Amino acid sequence: MNQEQNIEQQLWAYIDGVSTNEERSVVEKLLQSNFEWKNKYRELLEVHQLMSSSEVEQPSMRFTKNVMEKIAQYHIAPATKNYINKKIIWGIAGFFITLIAVFVVYGFAQVEWTSPDNSNLPIDFSQLSKVDYSKIFSNNFVNVFMMVNVLLVLVLFDRVLANKRKQFQKQA
Amino acid sequence: MSTGLGDNEIISKVLGGEYNAYAELVSRYQGYVFTLTLRMIKSREDAEEVAQDVFVKAYRSLADFRGESKFSTWLYTITNTTCITFLRKKKLDIHSLDNEKVFEVADSKDSGFKANLVEQKSRVNMVNQAIAMLSPDDAEVITLFYKAEQNLEEISRILGIETNTVKVRLHRARTRLKEKMEKNFSEEVKNIY
């Protein structure tokens, strides 16, 4: 950043009123003593005042009427927090946390915790590679996993339909 | 027809079933929303259409306004996203601050503006024309700060960016506006400085 940009940035912060007290006093001192800062400040202040003087544009005379005609066709949607069921979110989170926990427990259960005599480490990490993953991903395991997922999707679908039914009854 | 009620009171009325009370909010903010859409979209017809969409969207989601921010800040957030969606549909790249195409489009309008220069000498016109030459990003941040009376934190909430980034954007936008004014309205600018 060159010096001019730096001066401008500090002066804009001063004009916008977002500089700290310390920065303000530094800028004020410079404005009193430095000609370059004084000139720049006057220039930027003019731009600032010009921008503040720019006008708000007005739409056509029929604008409000048009909007009111459009919104007459709609209802205010219920607040998002009312139709997002927290129980479903917690249910999904619970399922995944349980799944991860099962994997971790199963993985640890497969580890041989006794260390060989020639090792100082409490755990024999070489045994980790001997975890039998084929048992985890056996056909039965995958089937159970899929069944649980299908069940969850059905429960979710049922909830969505139940909510829609309630909304429909309310509107009726 | 101003009711003198605060925004939140009007919103409570609308949520309570007095749908006509919404007209007061529309007339209160239509100028600001329209200015913002016009400065981003550049076409008066499209801007009016988008501004109407903004108020319809705001009405439909009114129950989601929790009063944690000013109603205007919430409304300008909707304005920002609606304009971005519109510009994306129009395949305009509004995200790059250094988007040369946008500047080329803006510069191509310069000749038209120059033709009107003799007739339109007022400072206000000059600023409005110079803002119209800016990219949508620059015009938006300047309009939010100077016209929509939003502070840096509120602008950061509307645009979904950090406050420091807003500061930098505002600084760049002002520098570009100054350049545009010096380039296209040199005579007027000389009289000002």
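Residue numbers (numbering that gives the first Met the number 0), protein chains in the order written: chain Y, 0 to 171; chain C, 0 to 192. Note that CB positions come from ideal geometry on N, CA and C, so glycine has one too. Source: prediction; values computed, not measured.
(request) Could you check the C-alpha separation between Arg41(Y) and Phe70(C) for me, to the nearest Å? (result) One alpha carbon belongs to Arg41(Y), the other to Phe70(C), and they sit about 35 Å apart.
(request) Please compile the residues from chain Y whose C-beta is within a distance smaller than 7 Å of the C-beta of Thr34(C). (result) Below the 7 Å Cβ cutoff, chain Y contributes Val55, Glu56 as neighbours of Thr34(C), in chain order.
(request) Go through the region 6 to 61 of chain Y residue by residue and report every complete run of the alpha helix (DSSP H) that reaches 4 residues or more, in order. (result) Taking 4 residues as the shortest admissible run, the region 6 to 61 of chain Y contains the following complete alpha helix (DSSP H) segments, listed from N- to C-terminal end: 20 to 32, 34 to 52.
(message) Measuring straight from C-alpha to C-alpha, what distance separates Ile10(C) and Lys89(C)?
(response) Distance from the CA atom of Ile10(C) to the CA atom of Lys89(C), rounded to whole angstroms, is 33 Å.
(message) One question on the structure: do Ile154(C) and Val165(C) come within less than 7 Å of each other, judged by their Cβ atoms?
(response) Against a cut-off of 7 Å, the Cβ pair of Val165(C) and Ile154(C) comes out as a contact.
(message) I need the straight-line Cα distance from Phe144(Y) to Lys12(C), nearest angstrom please.
(response) If you take the alpha carbons of Phe144(Y) and Lys12(C), they lie about 51 Å apart.
(request) Verify whether the separation of the beta carbon atoms of Pro58(Y) and Ala62(C) is less than 7 Å. (result) The Cβ atoms of Pro58(Y) and Ala62(C) do not sit closer than 7 Å to each other.
(message) Just to check my reading of the structure: Ser53(Y) and Lys146(C) have Cβ atoms closer than 8 Å, yes? What is that Cβ distance to the nearest angstrom?
(response) 7 Å between Cβ atoms; contact.
(message) By alpha-carbon positions, which one of Phe140(Y), Arg164(Y), Gln72(Y), Met50(Y) ends up nearest to Arg122(C)?
(response) Measuring C-alpha to C-alpha distances from Arg122(C) to each of Phe140(Y), Arg164(Y), Gln72(Y), Met50(Y) identifies Met50(Y) as the nearest.
(request) Taking only beta-carbon positions, decide if Asn79(C) is within less than 7 Å of chain Y. (result) Chain Y places no beta carbon closer than 7 Å to that of Asn79(C), leaving this residue out of the contacts.
(message) Can you check which of these residues, Asp52(C), Leu86(C), Arg65(C), Ala46(C), is closest to Val66(Y) by C-alpha distance?
(response) Of the residues Asp52(C), Leu86(C), Arg65(C), Ala46(C), the one whose Cα lies closest to the Cα of Val66(Y) is Asp52(C).
(request) Reducing DSSP to helix, strand and coil, say where Ser185(C) ends up. (result) Residue state, collapsed to three classes: helix.
(request) Using a Cβ-Cβ cut-off of 7 Å, state whether Arg122(C) counts as contacting chain Y. (result) At least one chain Y Cβ lies under 7 Å of Arg122(C).
(request) Step through the CB atoms of chain C and report whether any lies within less than 7 Å of the CB of Phe62(Y). (result) Interface residue, yes.
(message) Alpha carbons only, please: which of Glu8(C), Asn79(C), Lys56(C) is nearest the one belonging to Ile70(Y)?
(response) The residue with the shortest Cα to Cα distance from Ile70(Y) is Lys56(C).
(request) Can you grab the Cα-Cα spacing for the pair Asn148(Y) / Phe95(Y), in whole Å? (result) So the alpha carbons of these two residues sit roughly 11 Å apart.
(request) Scan the region 57 to 73 of chain C for residues whose Cβ lies nearer than 7 Å to a Cβ of chain Y and list them as they occur along the chain. (result) Contact residues of the region 57 to 73 of chain C toward chain Y are Tyr58, Arg59, Ser60, Leu61, Ala62, Asp63 (C-beta to C-beta distance below 7 Å).
(request) Answer yes or no: do Ile6(Y) and Lys39(Y) have a C-beta to C-beta separation smaller than 7 Å? (result) Yes, the pair counts as a contact, with Cβ atoms nearer than the cut-off.
(request) Determine the direct distance from the alpha carbon of Phe54(C) to that of Val101(C), and round the result to whole angstroms. (result) Residue placement at Val101(C) cannot be trusted, given a pLDDT of 44 that sits under 50; what the coordinates show is reported in the next sentence. Between Val101(C) and Phe54(C), the C-alpha separation is close to 27 Å.
(message) Against Val140(C), what residues of chain Y qualify as contacts under a CB-to-CB distance less than 9 Å, listed in chain order?
(response) Identification of chain Y residues near Val140(C) by a Cβ-Cβ cut-off of 9 Å yields none; the smallest Cβ-Cβ distance measures about 11 Å.
(message) To the nearest angstrom, how far is the alpha carbon of Thr204(C) from that of Leu153(Y)?
(response) Outside the modelled stretch of chain C, which goes from 0 to 192, sits residue 204(C), for which no answer is possible.
(request) Identify the contact partners of Phe54(C) in chain Y, using a Cβ-Cβ distance below 7 Å as the criterion. (result) By Cβ distance, chain Y contributes Val66.
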